[in-house]
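Report on one structure; see the data block that follows.
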Amino acid sequence: MSNYNLSPEICIRMEEGHAWRGYPSIVYELQKKIRQLGKNKTVIAIDCYPGTRYTEIQKGLIEPLDPDFLIFSDDCAFSGEQITEMVRYNLTDDRVFGILSHHTLDQFFDQSKIESVTKQIRNFETGLILIYGVGASLIYEPDILVYADLARWEIQKRYRSREIGNWKMDNFDEDTLKKYKRGYFFEWRIADRHKKKLYDKIDYLLDTNTKDDPKMVTGAAFREGLAQVVRRPFRLVPYFDPGVWGGQWMKERFRLDPNEINYAWSFDGVPEENSLYLRYGNIRIEIPAINLVFRHPVELLGDRVHARFGTEFPIRFDFLDTMDGQNLSLQVHPLTEYIQETFGIPYTQDESYYLLDAKEDACVYLGLKNGINKEEMLDALEKANRGEGDFDDSKYINKFPAKKHDHFLIPAGTIHCSGKNCMVLEISATPYIFTFKLWDWGRLGLDGLPRPVHLEHGKNVIQWDRDTDWVKKNLINRIEKIAEGDGWIEERTGLHEREFIETRRHWFSKKVPHQTNGSVNVLNLVEGDEAIVESPTGSFEPFVVHYAETFIIPECVKEYTIRPYGKSVGKTIATIKAYVRV
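My numbering puts the first residue of the sequence shown at 10, with every later residue one more than the last.
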């Protein structure tokens, strides 16, 4: 059992009166704002991220506001069938992979319909006009702009429960992976490009993550909150998900729902997926953490990292739990040129496995055995995936014993997977969706469907020279001491020279000095109960972290220290830190 915080919050320091909870309070504030404007005609736009619950917005906000003219912006967009045709190239016929869209939201609206609505709005001399839906602010420049936001993880849960389909689609019952694909490669891209343009215009941000429990904050307080977060250490809100190979370690250590069959993975450091909890007085607002990346990319990432990655957060920390579970799928990630040319993604998923814990029989599959026959192995994989017997992994794939604190490096193109009875902290680049499964041990997913295998992609990127000798020399525990001081040792543990991420491990019983090295830092407390992060100059308040928690240090912090805290005082503990080589 650990003190792992499942709901980390960031307290935003500002005067009260900037946040509201519940529809009655929110409606009252909007009515007050309308009166303050003192205009004969007031236009409100409730611009919604795809996946927002429209019925709830209608009942909770629109009906009490009782507008004189109501416009649903989605009605001005093309039909779902037309949109599908427009992005068919991006959606592809594959169940999982598409091609990244570079469209903008306005391209999917019928300008003649917008012109018609605009004329009707102009004909009103008095009254309240309310526009709501995706892209509402595209229809008419509002006097009051409310942005209804929600996190990607919440959208995915709504896909799974069949509560929602994709934007403008009635595909509620469609395969969840296909709905997710349309979101990932198309909808979220155009929605994020639109949202980026609105940050300075938002009068109110509406948190729509929790059903029938909305929270709202002023645009000024939202922007100030992000400005405060980017100047201090912080954690994202983790989420956990079961899987066919999942284990029991996280359930026991993190006090998760004991009724869940298992927990296979957790995202604990992925702004594209995770949320931020911002507390304004007694009201907690949940926002997608990617808002921080979009709003403050240089301060967060560092100037040179921003120059290379733009508003992408390039480092990902997540957990893979196979303790008392099963092997992951045997897999490989695409080379850089392959992911660029095939999917339009700028960089690939290089990664590594850091062992937080392991049982005696734990292992990691990594690389090919010496002297294998390429065509013979591919033929064996194809037969196995057709159901003609099992794939003989022992004939072709290395299987290395794994113990706590081992670090296995996995540059793209290397066949790999975690075996059972491992608790892996996966440190990787962020294009997390691009895993080419080669063999899944003949099993079905938790949904009863065959898990997707992408041997056709995988065989194009396997690096056949990464055999036993090469792997042992280059990828396993490449640990070297870098520096030491009073009560601490710094080690370089990876990653491989082909990977842009550098990882450093510190063992320490006293205070350790850190620099951000021109890059955002992502860390995890891999040994010990508690540690405290402090500013040598007092630029941020002391920040306490617990065992296995991932936390982020923005590049603009520049320098910080970490020392044992609480139960860990007088003991030797450890962090692992990742940053971009710049």
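Using N, Cα and C, we set each Cβ at its ideal position, and we do this for glycine too. Owing to the predicted nature of the structure, the values given are computational and were not obtained by experimental measurement.
For residue i, which three-state DSSP category applies?
{"i": "Leu265", "result": "coil"}
{"i": "Leu309", "result": "helix"}
{"i": "Arg191", "result": "helix"}
{"i": "Met23", "result": "coil"}
{"i": "Ile406", "result": "strand"}
{"i": "Phe78", "result": "strand"}
{"i": "Met386", "result": "helix"}
{"i": "Thr539", "result": "First, the residue type needs correcting, since residue 539 is Glu and not Thr in the sequence shown. Three-state DSSP puts Glu539 in a strand."}
{"i": "Thr581", "result": "coil"}
{"i": "Tyr208", "result": "coil"}
{"i": "Val553", "result": "strand"}
{"i": "Glu172", "result": "coil"}
{"i": "Ile130", "result": "helix"}
{"i": "Glu183", "result": "coil"}
{"i": "Leu364", "result": "strand"}
{"i": "Leu15", "result": "coil"}
{"i": "Lys50", "result": "strand"}
{"i": "Val529", "result": "coil"}
{"i": "Ser544", "result": "coil"}
{"i": "Ala587", "result": "strand"}
{"i": "Thr113", "result": "coil"}
{"i": "Arg44", "result": "helix"}
{"i": "Ile55", "result": "strand"}
Start and end of the beta strand (DSSP E) containing residue i?
{"i": "Trp29", "result": "28–30"}
{"i": "Lys490", "result": "489–494"}
{"i": "Trp197", "result": "No beta strand (DSSP E) holds Trp197; the alpha helix (DSSP H) holding it covers 197–205."}
{"i": "Tyr569", "result": "568–573"}
{"i": "Tyr356", "result": "No beta strand (DSSP E) contains Tyr356, which DSSP labels as neither H nor E."}
{"i": "Ala229", "result": "Here Ala229 belongs to no beta strand (DSSP E); instead the alpha helix (DSSP H) covers 228–238."}
{"i": "Tyr213", "result": "213–216"}
{"i": "Phe560", "result": "559–562"}
{"i": "Val9", "result": "There is simply no residue 9 to check, as the chain begins at 10 and stops at 591 in what is shown."}
{"i": "Ile153", "result": "153–158"}
{"i": "Phe249", "result": "248–250"}
{"i": "Leu377", "result": "372–377"}
{"i": "Ser427", "result": "425–427"}
{"i": "Val341", "result": "339–341"}
Would you kindly report the start and end of the unbroken alpha helix (DSSP H) that includes residue i?
{"i": "Thr135", "result": "No alpha helix (DSSP H) holds Thr135; DSSP gives it neither H nor E."}
{"i": "Arg161", "result": "161–169"}
{"i": "Gln257", "result": "From DSSP, Gln257 is part of no alpha helix (DSSP H); its letter is neither H nor E."}
{"i": "Phe417", "result": "First-last for Phe417: 416–419, but that is the beta strand (DSSP E), not the alpha helix (DSSP H)."}
{"i": "Ile148", "result": "145–148"}
Does residue i have its Cβ less than 8 Å from a Cβ in chain B?
{"i": "Arg487", "result": "Of the protein chains in the structure, only one exists, and it is not chain B."}
According to the Cβ coordinates, are residue i and residue j closer than 8 Å?
{"i": "Phe326", "j": "Leu434", "result": "yes"}
{"i": "Leu159", "j": "Val238", "result": "no"}
{"i": "Ile138", "j": "Ile130", "result": "yes"}
{"i": "Tyr347", "j": "Asn469", "result": "yes"}
{"i": "Leu154", "j": "Lys210", "result": "yes"}
{"i": "Gly255", "j": "Asp330", "result": "yes"}
{"i": "Val7", "j": "Arg452", "result": "Look at the range of the chain in this structure, 10 to 591, and you will see that residue 7 is not part of it."}
{"i": "His515", "j": "Trp497", "result": "yes"}
{"i": "Ile491", "j": "Leu532", "result": "no"}
{"i": "Lys166", "j": "Arg30", "result": "no"}
{"i": "Glu18", "j": "Arg288", "result": "yes"}
{"i": "Ser437", "j": "Glu360", "result": "yes"}
{"i": "Ile571", "j": "Gly353", "result": "no"}
{"i": "Ser518", "j": "Val591", "result": "no"}
Buried or exposed: which applies to residue i, given that a residue is buried once 16 or more other Cβ atoms fall within 10 Å of its Cβ?
{"i": "Lys68", "result": "exposed"}
{"i": "Thr61", "result": "buried"}
{"i": "Arg241", "result": "buried"}
{"i": "Tyr37", "result": "exposed"}
{"i": "Pro33", "result": "exposed"}
{"i": "Asp366", "result": "buried"}
{"i": "Lys260", "result": "buried"}
{"i": "His111", "result": "exposed"}
{"i": "Asn473", "result": "The question names Asn, but residue 473 is Trp in the sequence shown. The residue in question, Trp473, is exposed, as its Cβ has fewer than 16 Cβ neighbours within 10 Å."}
{"i": "Asn430", "result": "buried"}
{"i": "Glu321", "result": "buried"}
If we require 4 or more residues per run, which alpha helix (DSSP H) segments fall completely within the segment 431–509?
464–467, 477–483
For the segment 57–109, list the alpha helix (DSSP H) runs that are entirely contained and at least 4 residues long, ordered along the chain.
63–66, 89–95, 97–100
Residue ranges of each alpha helix (DSSP H) within the segment 277–336, 4 or longer:
299–304, 306–310, 312–318
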